[in-house]
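Structure, as structure tokens:
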Amino acid sequence: MFERLKVSSFLAYKSIVQGNKSTILLTVLIISLAFVNMVFTSSLFGGLTETSNNQVIDTVCGDIVIVPREDEKWIEGVSNIQKKIDAIPGVVGSSARYRCGVTISYEDESGGWEIYSIDPIREMLVTNIHEKVVEGEYLTRSDKDEIVIGKEISGTHGAVFEQESLKGVKVGEKVSVVFPNGVKKEYRVKGIFDSTFITADRRAFITQKEMESVLGIDDRASDIIVRIDEVDKGEEEKYITQFKELGIGEEIRSWKSYTGIIESMVKSFDIINKMVGGIGLLVAAITIFIVIYVNVINKRKQMGILRAVGIKEDVIIGSLVMQAIFFAICGSIIGLVFFFLAVAPYFVAHPLHFPMGDVTLLISYHAIIINLASLITASLIAGFIPSWMSVRENILDAIWVR
Amino acid sequence: MNEYIVEAEDLVKIYRMGKVEVRALNGVSIKVKKGEFISVMGPSGSGKSTLLHQLGLLDTPTSGQIVIDGINVSRLSERKKGEFRLKELGYVFQEYAILPELTAMENVYLPLMMLGVGRDKCRRKALGILEQVGIGELADHLPRELSGGEQQRVAIARALVNNPKILFADEPTANLDSVTSKRIIDLFKALNQELGQTIVMVTHEQELGRMADRIVHLRDGEVV
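Rendered as structure tokens:
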């Protein structure tokens, strides 16, 4: 066994060292590009998925969302529920919001958006909108007659839907808000935020007390969003069970099931990622197959001679498979160097702008190892098939090339 | 003790090309003594190369029996035949058939590596044989740096490196000029006379064939 491996590696080494340098270089280059493509695609979709998930959690709904029962419009007795939730170890904070559709007007412009009432201190524990204020300030508990709006409402700071916005309202200016109960009130724009997530940037916020005074409601919310400790990410269901055990009868969901669109988008990303990665892998495998096949065709006679003088078939197959694996490893190494020195730094410096936020590459070492293993396995198969075909041929047919 | 190293009896080889049957060997019986140098001659299509392939275990006869050094090799599996070729037989083909990526020395010691011989011993033995065939100074040259005659000498050295019981040569001078051809046959003659190497050579050149101890003439797949 050892002798055979030794002869295989000797033949493979000689074939590479003495082989056509341009062919070897081109093969390695193609494989390296195919590998970069595989790693880039998985990193890009990884980045897209992570950005989408983080944006949903950080700007829209926290880790866990409590919504009214199916037959109810609101959650009643909010403060009592929040007390129970906040007492659970691992809960960072909870924020109860009352949501309603309003019409906001500024000069000749107006439009319909959703306005949220919040307790700013509690909201800060769950979302990061307060960190995204690009002009003016965030709300404080005592604020009255003041509103914070997203850039898609103000129409400033590079709003995507500028045409559907208030087209240029600035901090300090007044906007008029018409509530569902018919109350019309003027608010001073206290701050404008840009979370880079369109869904969040189409929202407006006023304080809880302000909403209660306008609508005449008390201790009522449309939803309660909850933030859990970073270390417990992915264990939302454990908390949901605890909430239920405390007698919270409202509907409780994790951010994943609450944001169905994001979830289906992530699933689609995953499918595209697998397809693009699979095609990249196939390209690399076919390249290796062609290189080894051409090698085998060119050396048909020599391989017949080798077999005639008693060199065993598995030694010949081994030598060709080793060459294929060598191409794959070299291609992967060059691809990795190029990826880490050029591609990744470029995308960190120049993130891609997507509706769900600025996306950079999420480099997963697990994905890199899987891609590497896939490429080496594919090259092993691509090297094996033509060499196996060649040693099945009759020795005399190979020697006489007939 | 049996004086014959090869005893082939009633060898028949039929090739089927569609519905047509071609009888390449038609009951050939041949015996080769140890240390004998035999030329197999005959016109094109007489079956001389086919006979060499059967005797050299590169092909399997349709019927008949081959015994080499007391072993009935006709009954060996393909795997065992491969091992037998590696350990007991040597081959020289018409077109030098050496690997272009390996130096002369590496081409020669490849069969030894396959037998598990250590690198130093491989190199020593290969160099010794290359010197024996007259190209020791070219040991580190690649085939593309060698002439046709020199490449054929490398092939002969490779065939001899495992001390084969029989050296089979299939038209070894077909691609060489007359002077180089003569030198190659002289080399065979010297190997035969000085080392007692048994050689079975196929050739269609009368002058070279006559240099062997004995000539076996074939015509239409039969010994004549």
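So the sequence lines, in the order shown, correspond to chains A and B.
Residue numbering for the first sequence follows the working numbering, beginning at 1 and increasing consecutively.
Residue numbering for the second sequence follows the working numbering, beginning at 1001 and increasing consecutively.
The C-beta atom is built at its ideal place from N, Cα and C for all residues, glycine as well.
Which residues share a DSSP beta bridge with Lys952/B? In the structure displayed, chain B extends from 1001 to 1224; residue 952/B sits before or after that span and is not available.
Any beta carbon from chain A within less than 9 Å of Tyr1004/B's own beta carbon? Translated into the one-based positions of the second sequence, residue 1004/B becomes position 4. No - not a single Cβ of chain A is within 9 Å of the one on Tyr1004/B.
In angstroms, rounded to a whole number, what distance separates the CA positions of Lys73/A and Val134/A? Position 73 of the first sequence, counted from the first residue, corresponds to residue 73/A. Position 134 of the first sequence, counted from the first residue, corresponds to residue 134/A. Straight-line Cα distance between these residues: approximately 34 Å.
Along the chain, where does the alpha helix (DSSP H) containing Gln323/A start, and where does it finish? Here the question's residue 323/A lines up with position 323 in the first sequence. Start and end: 313–338.
Quick check: the Cα distance between Gly234/A and Ile228/A, rounded to an integer number of angstroms? Reading the first sequence from its first residue, position 234 is the one you call residue 234/A. Reading the first sequence from its first residue, position 228 is the one you call residue 228/A. Approximately 10 Å between the Cα atoms of the pair.
Using a Cβ cut-off of 7 Å, which residues of the stretch 1189–1202 of chain B contact any Cβ in chain A, in chain order? none
Does the Cβ-Cβ distance between Leu380/A and Ala284/A come in under 9 Å? One-based indexing of the first sequence puts residue 380/A at position 380. One-based indexing of the first sequence puts residue 284/A at position 284. No. Outside cutoff.
Heavy atom of the ligand FMN within 8 Å of Ile1166/B beta-carbon: With respect to small molecules bound, the structure shown includes none, and the ligand FMN cannot be examined in it.
Ordered along the chain, which non-local residues of its own chain (more than five positions away) have a Cβ less than 8 Å from that of Asp86/A? Stepping through the first sequence from its first residue, residue 86/A is reached at position 86. The answer, listed in chain order, is Gly93, Ser94.
Starting from Ala1155/B, trace the alpha helix (DSSP H) in both directions and tell me its first and last residue. Your numbering for residue 1155/B matches position 155 in the second sequence. Here the alpha helix (DSSP H) through Ala1155/B covers 1148–1160.
Whole-angstrom C-beta distance between Ile1005/B and Val1032/B, which should lie under 8 Å: Start at 1 with the first residue of the second sequence, and residue 1032/B comes out as number 32. Start at 1 with the first residue of the second sequence, and residue 1005/B comes out as number 5. Sure, about 6 Å apart at Cβ, within 8 Å.
With H, G and I counted as helix, E and B as strand and the rest as coil, what does DSSP make of Asp223/A? Position 223 of the first sequence, counted from the first residue, corresponds to residue 223/A. If DSSP states are grouped into helix, strand and coil, Asp223/A belongs with the strands.
For Met38/A and Gln323/A, what's the separation of their Cα atoms in angstroms? The residue you call residue 38/A lines up with position 38 of the first sequence. The residue you call residue 323/A lines up with position 323 of the first sequence. Each residue's alpha carbon lies about 22 Å from the other.
Between which two residues does the alpha helix (DSSP H) holding Cys1122/B run? As a working mapping, residue 1122/B is identified with position 122 in the second sequence. First-last of the alpha helix (DSSP H) with Cys1122/B: 1119–1132.
Determine the burial state of Lys1019/B: buried for a count of at least 16 other Cβ atoms within 10 Å of its Cβ, exposed for fewer. Here residue 1019/B corresponds to residue number 19 of the second sequence, with the count starting at 1. It is exposed - the Cβ of Lys1019/B has fewer than 16 other Cβ atoms within 10 Å.
Phe10/A at chain B interface by Cβ criterion, 9 Å: Along the first sequence, one-based indexing puts residue 10/A at 10. So yes, Phe10/A belongs to the interface.
Grab me the residues of Leu246/A's own chain with a C-beta within less than 7 Å of its C-beta, minus the 5 sequence neighbours each way, in chain order. Residue 246/A sits at position 246 when you count from the first residue of the first sequence. So the list reads Lys84, once near-sequence residues are dropped.
Taking Cβ positions, are Gly335/A and Ile31/A nearer each other than 9 Å? Counting from one through the first sequence, the residue named residue 335/A turns up at place 335. Counting from one through the first sequence, the residue named residue 31/A turns up at place 31. In contact: Gly335/A and Ile31/A (Cβ atoms closer than 9 Å).
Contact set between Leu396/A and chain B, taken where Cβ atoms lie within less than 8 Å: Translated into positions along the first sequence, residue 396/A becomes position 396. Neighbours of Leu396/A on chain B, chain order: His1053, Leu1058, Asp1059.
Run through chain A and tell me which residues come within less than 7 Å of Met1017/B, C-beta to C-beta. Taking the first residue of the second sequence as 1, we reach residue 1017/B at position 17. Under the 7 Å cutoff, chain A gives no residues; its nearest Cβ is about 12 Å from Met1017/B.
Quick one, which residues of the stretch 307–323 of chain A are near chain B if we go by CB-CB under 9 Å, in chain order? Arg307, Ala308, Val309, Gly310, Ile311, Lys312, Glu313, Val315
Using beta-carbon positions only, say whether Gln1151/B and Pro1143/B come within less than 9 Å of one another. What you label residue 1151/B is simply residue 151 of the second sequence in a count that begins at 1. What you label residue 1143/B is simply residue 143 of the second sequence in a count that begins at 1. Contact: yes.
Roughly how many whole angstroms lie between the Cα atoms of Ser222/A and Ile129/A? Here residue 222/A refers to the residue found at position 222 when the first sequence is read from its first residue. Here residue 129/A refers to the residue found at position 129 when the first sequence is read from its first residue. Using only the alpha carbons, I get a separation of about 19 Å.
Going along chain B, which residues have a C-beta under 9 Å from Gly19/A? Counted from its first residue, the first sequence places residue 19/A at position 19. By Cβ distance, chain B contributes Glu1101.
I think Gly168/A touches Thr156/A, with their Cβ atoms under 8 Å apart; what is that distance to the nearest whole Å? Against the first sequence, residue 168/A aligns to sequence position 168. Against the first sequence, residue 156/A aligns to sequence position 156. Confirmed, about 6 Å.
Using only alpha-carbon positions, find the residue among Gly1056/B, Leu1115/B, Lys1125/B, His1141/B that is nearest to Phe1093/B. The residue labelled residue 1093/B in the question sits at position 93 within the second sequence. When each option's Cα is compared against that of Phe1093/B, the closest is Gly1056/B.
Ignoring anything shorter than 3 residues, give me the beta strand (DSSP E) runs that lie fully in the stretch 1152–1221 of chain B, in order along the chain. 1166–1170, 1198–1202, 1214–1219
Starting from the C-beta of Glu237/A, find all residues in its chain whose C-beta is less than 7 Å away, skip the five residues before and the five after it, and write them out in chain order. Your numbering for residue 237/A matches position 237 in the first sequence. If we look at Glu237/A and ignore the five residues flanking it on each side, its Cβ neighbours are Ser254.
Just the chain A side, please: which residues come within less than 7 Å of Gly1116/B by C-beta, in chain order? As a first step, residue 1116/B must be located in the second sequence, where it is residue number 116. Per Cβ cutoff of 7 Å: Glu3.
Should the stretch 301–308 of chain A be called in touch with the stretch 385–401 of chain A, which here means at least 3 C-beta pairs below 8 Å? yes
Whole beta strand (DSSP E) runs in the stretch 1057–1120 of chain B with 3 or more residues, listed along the chain? 1063–1068, 1089–1092
Note down, in chain order, every chain B residue with its Cβ under 7 Å from the Cβ of Ile305/A. Translated into positions along the first sequence, residue 305/A becomes position 305. Under the 7 Å cutoff, chain B gives Phe1093, Ala1097.
Look up Phe289/A in the DSSP assignment and say whether it is helix, strand or coil. Within the first sequence, numbered from 1, the residue matching residue 289/A stands at position 289. If DSSP states are grouped into helix, strand and coil, Phe289/A belongs with the helices.
Does the beta-carbon of Arg1016/B have 16 or more other beta-carbons within 10 angstroms, so that it is buried, or is it exposed? The sequence position of residue 1016/B within the second sequence is 16, counting from 1. Exposed.
Does DSSP put Ile198/A in a helix, a strand or coil? Within the first sequence, residue 198/A is the residue found at index 198, counting from 1. Reduced to three states, the DSSP call for Ile198/A is helix.
Closer than 9 Å, CB to CB, is Ala1159/B near chain A or not? Counting from 1 along the second sequence, the entry for residue 1159/B is found at position 159. Closer than 9 Å: yes.
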